[in-house]
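Enquirer:
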Amino acid sequence: MKLTVIGFWGAYPGANEATSAYFIEEEETRILLDCGSGAVARLQNHIDLSTLTAAVLTHYHHDHIADIGVLQYSRVVDMNLQRTAEPLKIYGHGDDQPAFQQLGKKPFADAFTYSTTEPLGIGSLTCSFHPTVHGAPCYAVKVRSRNGKVLVYTGDTIYDEKLLPFISNSDLLITEASFYADQDASPYGHMTSREAALLAQRGNVRALLLSHLPHFGDHRQLLSEAKRYFDGETMLAASDLHIDL
Ligand SMILES: [Zn+2]
Ligand SMILES: [Zn+2]
């Protein structure tokens, strides 16, 4: 399983970059976790859009779904030009039905709800979900590869120890780190670098990727702060960063 960071900004994209979007590939299975602003443009640095299997969405804030409409349109074009016969699959939660209803565009994109009780198989990958505490309903996503490697992406959340069993012993944890260690992130529904690292440490994960980064301060400070609280490998998200699992 290979991860490529497509977008890592919180709120809005930096110049020529993107907000939350993570591309995961294993064999013929190609999924995009979240589809933020700028994601469709930047994803094409890595793949032909007609080959994308599915998009999986943590929640319906703009910085996570801004490009889902144009991703649907790409499939309309690609199916009409017979570049693919496969509708795009889009998976989202059903806690906000008006938002969920926007995800499908038959016959080019099929929308499905995921649940916390039934693991979701997408090609060779298996996804499972756990609710987070955020300003809107949001779900962390766990992706298990065919050979048992595990990646967890928190989506947006406050520090919440109820996530620990879900992230426990994962090979890579992608967390949001929207604020610096000495700030108070929880009123905004987010985490600090310190909280992200504590989650990783207490969840005994192997490696931590800090993402959903803020438009203030120096991101290298987020990294140095996190390293004080987490013993494993700690990385800062960047456009086009590849991690092999
Ligand atoms: Zn966000
Ligand atoms: Zn959000």
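1 is the number of the first residue of the sequence shown in UniProt numbering; add one for each residue after it.
Think of the CB as a built atom: it goes at the ideal place given N, C-alpha and C, for glycine as much as any other residue.
Only a predicted model underlies this, so the values are computations on that prediction, with no experimental measurement involved.
Going by beta carbon distance, what residues of the same chain come within less than 6 Å of Val-76, once the five residues before and after it are set aside?
Expert: Closer than 6 Å at the Cβ level, and outside the excluded window around Val-76, lie Phe-108.
Enquirer: Give me, in chain order, the residues of the same chain whose beta-carbon lies closer than 6 Å to that of Ala-200; leave out the 5 immediate sequence neighbours on both sides.
Expert: So the qualifying residues of the chain are Leu-173, Leu-208, Phe-230.
Enquirer: Classify His-64 as helix, strand or coil using the three-state DSSP reduction.
Expert: Residue state, collapsed to three classes: helix.
Enquirer: Identify the residues that DSSP records as bridge partners of His-23: which are they?
Expert: Note that residue 23 is Phe in the sequence shown, not His. Its beta-bridge partners are Thr-4, Leu-32.
Enquirer: Step through the CB atoms of chain D and report whether any lies within less than 8 Å of the CB of Thr-4.
Expert: Among the chains in the structure shown there is no chain D, since it carries only a single protein chain.
Enquirer: Sort Leu-151, Lys-149, Ala-181 by Cα distance to Tyr-159 and report the nearest one.
Expert: Answer by Cα proximity: Ala-181.
Enquirer: Where in the segment 200-236 do unbroken runs of the beta strand (DSSP E), each at least 3 residues long, occur, reported from the N-terminal end onward?
Expert: DSSP runs (the beta strand (DSSP E)) wholly in the segment 200-236: 207-211, 233-236.
Enquirer: Is Gly-121 near ligand 2, judged by its Cβ being under 7 Å from some heavy atom?
Expert: Not under cutoff, so the answer is no.
Enquirer: I want to know whether the segment 116-124 touches the segment 96-107 - three or more CB-CB distances under 8 Å.
Expert: No contact exists between the segment 116-124 and the segment 96-107.
Enquirer: For His-215, does the count of other Cβ atoms within 10 angstroms reach 16, so buried, or fall short, so exposed?
Expert: That one is exposed.
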